[in-house]
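Peer 1: Structure provided below as structure tokens; questions to follow.
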Amino acid sequence: MMTLEKFEEASEAVIKVTNRTKLIYSDYFSEMTGGRVYLKPENMQFTGAYKVRGAYYKISTLTDEERGRGLITASAGNHAQGVAYAAKIYGARAVIVMPTTTPLIKVNRTKSYGAEVVLHGNVYDEACAHALKLAEENGYTFIHPFDDETVATGQGSIAMEIIKELPTVDIILAPIGGGGLAAGVSTLAKLLNPNIRVIGVEPAGASCMQASLKEGHVVTLSGVDTIADGTAVKTPGEHIFPYIQKNVDEIVTVEDRELIVSFLDMVENHKMVVENSGLLTVAALKQIDCRGKKVVSILSGGNMDVITMASIVQHGLIERGRIFTVSVLLPDKPGELANVSTLIAGKQGNIIKLEHNQFVSINRNTAVELVITMEAFGHEHKERIVKMLEEKGYQPKLTQPKNTYM
């Protein structure tokens, strides 16, 4: 059972393996929402995510015999690092099964703690099934990433820190994958102050907990489709589900495109790298009535590889109208390319890439297609440039930008 006594014990235990992630007040998100928004930066943990809390607390409660058999878990990356790090501290063998889609940074960091990594399956659920099979075959002690009350109690230490630092908090936003973090945070929050509103946030493409709450029991999604790999779970936890039912006040979902914009918001306004699952609570601020409230968004992790970062940045700039591509038709005669470039420069557009094709038509009056990728200040500026090209007779058509940075 998740009791106040157990939460206090867990909070004392995790001090040994966690950084002090003090709340960060966000002027940007506070102004945007009309509330007082604080960020709980668990992306700044030594392992890059909150998961070390539950993993370490769980392993600390095992017997020497249980640890001596070797530990095994399944994880999309953050729990893997937590288990590997805690196992190293206790001198225990750790075997980690990770989906084949796990970002390389998470795989390599898990290995760096001395764990053996097995890649299996495309999603967490498939990796978990394989880990359970290996545990049975080899006698390993299985450490579940979320469907375990002891693990969830360790995660709940986040709520203890939030409430100690901000006793008058009104709303806590917690990401949900399998539900361990939300179960621990919501249960302790309600034990300490029943008036605190706890809101779970899921990716729209993997909203297994929302579906389960609607049905009144745990259900399995037919599939998941989200860039939030850390919360790409088809089946939430059976054991922690009752705690979610009792203590989480609401669940909202976030589309992937909102995570992309939120990544830029965090980088530009707080100079922090937060992985897509960790951005769920930031993106959800637009859906929550925060006016006059003290709100804490838990940033669950920051383990993102640079290739993913580059892609997210580019798509975020496109989403904001900061980068766009337009095709125009030019007469096939000298000077037309220079004319278009001069017109765009006059509107303060910054050309990134040009593609010049003379073979789209046999009509020399409109024989050349010019595809222009450029930077703008935003959607309004983009529309002014397109309108200007239209007025000059170039028949502009917006197209999807190709990769500009890689």
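Residue numbering for the sequence shown follows the numbering used here, beginning at 652 and increasing consecutively.
Where is the CB? At the ideal position from N, CA and C, for every residue including glycine.
Owing to the predicted nature of the structure, the values given are computational and were not obtained by experimental measurement.
Based on the DSSP output, what are the partners of residue 741 in its beta bridges?
Peer 2: According to DSSP, which records beta bridges pairwise, residue 741 is partnered with nothing at all.
Peer 1: So, is residue 697 buried or exposed, given that buried needs 16 or more other C-beta atoms within 10 angstroms?
Peer 2: The residue in question, residue 697, is exposed, as its Cβ has fewer than 16 Cβ neighbours within 10 Å.
Peer 1: Could you tell me whether the Cβ atoms of residue 723 and residue 680 are closer together than 7 angstroms?
Peer 2: The answer is no: Cβ separation not under 7 angstroms.
Peer 1: Give the single residue among 674, 1007, 752, 858 whose Cα lies nearest to the Cα of residue 885.
Peer 2: The shortest C-alpha separation from residue 885 is found at 858.
Peer 1: Where does residue 878 fall in DSSP's three states?
Peer 2: Reduced to three states, the DSSP call for residue 878 is coil.
Peer 1: Residue 800: which of 939, 911, 712, 996 sits nearest, CA to CA?
Peer 2: Of the candidates 939, 911, 712, 996, the one whose C-alpha sits nearest the C-alpha of residue 800 is 712.
Peer 1: Who are the Cβ neighbours of residue 889 in its own chain at under 8 angstroms, not counting the five residues just before and after it?
Peer 2: 798, 869.
Peer 1: Under the three-state reduction of DSSP, which class applies to residue 1057: helix, strand or coil?
Peer 2: Legend: pLDDT at residue 1057 = 42, less than 50; position of this residue unreliable, value from coordinates given subsequently. Residue 1057: coil per DSSP, three-state reduction.
Peer 1: Would residue 806 pass as a contact of residue 835 if the rule is Cβ separation under 7 angstroms?
Peer 2: Yes; because the gap between Cβ atoms is below 7 angstroms, this pair is in contact.
Peer 1: Residue 812: which of 1042, 663, 904, 706 sits nearest, CA to CA?
Peer 2: Selected option, being the one with the closest Cα: 663.
Peer 1: Quick check: the Cα distance between residue 667 and residue 848, rounded to an integer number of angstroms?
Peer 2: Taking the straight line from one Cα to the other gives about 29 angstroms.
Peer 1: Within the chosen definition, does the region 1022 to 1037 reach the region 969 to 986 through at least 3 CB pairs nearer than 8 angstroms?
Peer 2: Yes: the two stretches touch, three or more of their Cβ pairs being nearer than 8 angstroms.
Peer 1: Give me the Cα-Cα distance between residue 1057 and residue 718, rounded to the nearest whole angstrom.
Peer 2: Legend: pLDDT at residue 1057 = 42, less than 50; position of this residue unreliable, value from coordinates given subsequently. Looking at the two C-alpha atoms, the distance is approximately 45 angstroms.
Peer 1: Could you check whether residue 700 and residue 729 sit closer than 7 angstroms to each other, using their CB atoms as the reference points?
Peer 2: Result yes, Cβ atoms of residue 729 and residue 700 sit closer than 7 angstroms.
Peer 1: May I ask which residues mark the beginning and end of the alpha helix (DSSP H) holding residue 764?
Peer 2: Neither: residue 764 is in no alpha helix (DSSP H) and is coded neither H nor E.
Peer 1: Using CA coordinates, which residue listed in 1036, 710, 926 is at the minimum distance from residue 743?
Peer 2: If we check each option's Cα against that of residue 743, 710 comes out closest.
Peer 1: Give the single residue among 734, 691, 900, 913 whose Cα lies nearest to the Cα of residue 747.
Peer 2: Among 734, 691, 900, 913, the Cα nearest to that of residue 747 belongs to 734.
Peer 1: What would DSSP say about residue 669, mapped onto helix, strand or coil?
Peer 2: Three-state DSSP puts residue 669 in coil, outside helix and strand.
Peer 1: Shortest alpha-carbon distance to residue 741 belongs to which of 731, 721, 756?
Peer 2: With distances taken between Cα atoms, residue 741 lies closest to 721.
Peer 1: I'd like the span of the alpha helix (DSSP H) that includes residue 893, first residue to last.
Peer 2: It spans 892 to 898 - the alpha helix (DSSP H) in which residue 893 sits, taken as one unbroken run.
Peer 1: Select from 752, 782, 997, 739 the residue whose C-alpha is nearest the C-alpha of residue 765.
Peer 2: Cα-wise, what sits closest to residue 765 is 739.
Peer 1: In the DSSP output, what is residue 815 paired with across the bridge?
Peer 2: In the DSSP output, where bridge partners are listed per residue, residue 815 has none listed.
Peer 1: According to DSSP, residue 976 sits in a beta bridge with which residue or residues?
Peer 2: Per DSSP, 1024, 1050.
Peer 1: For residue 841, which residues in the same chain have their Cβ closer than 6 angstroms to its Cβ, ignoring the five residues on either side in sequence?
Peer 2: Contacts found: 898.
Peer 1: Measure the C-alpha to C-alpha separation of residue 999 and residue 948 and round it to an integer number of angstroms.
Peer 2: Cα-Cα distance, rounded: 37 angstroms.
Peer 1: From residue 991 to residue 914, what does the alpha carbon distance come to, in whole angstroms?
Peer 2: Their Cα atoms are separated by approximately 34 angstroms.
Peer 1: Looking at the secondary structure, which residues open and close the beta strand (DSSP E) in which residue 925 lies?
Peer 2: From DSSP, residue 925 is part of no beta strand (DSSP E); its letter is neither H nor E.
Peer 1: Please name the residue, chosen from 715, 761, 707, that lies closest to residue 731 on a Cα-to-Cα basis.
Peer 2: Per the Cα distances, 761.
Peer 1: Closest by CA to residue 837, which one among 803, 1043, 955?
Peer 2: That would be 803, whose Cα lies nearest to the Cα of residue 837.
Peer 1: Can you have a look at residue 985 and say buried or exposed, based on whether 16 or more other CB atoms are within 10 angstroms of its CB?
Peer 2: With fewer than 16 other Cβ atoms within 10 Å, it is exposed.
Peer 1: Below 8 angstroms on the Cβ atoms is my guess for residue 814 versus residue 704; work out the distance and round it to an integer in Å.
Peer 2: At roughly 15 angstroms, the Cβ-Cβ gap does not stay under 8 angstroms, so residue 814 and residue 704 are not in contact.
Peer 1: Output the distance between the C-alpha atoms of residue 674 and residue 952, rounded to the nearest integer angstrom.
Peer 2: Cα to Cα, the separation comes out at about 15 angstroms.
Peer 1: Using three-state DSSP, classify residue 773 as helix, strand or coil.
Peer 2: Here residue 773 sits in coil by DSSP.
Peer 1: Rounded to a whole number of angstroms, what is the C-alpha to C-alpha distance between residue 689 and residue 1002?
Peer 2: Cα-Cα distance, rounded: 38 angstroms.
Peer 1: Which two residues bound the contiguous beta strand (DSSP E) that contains residue 725?
Peer 2: Here the beta strand (DSSP E) through residue 725 covers 722 to 725.
Peer 1: Got a sec, what are the start and stop residues for the alpha helix (DSSP H) residue 995 sits in?
Peer 2: Taken as a continuous stretch (DSSP letters only), the alpha helix (DSSP H) holding residue 995 covers 987 to 997.
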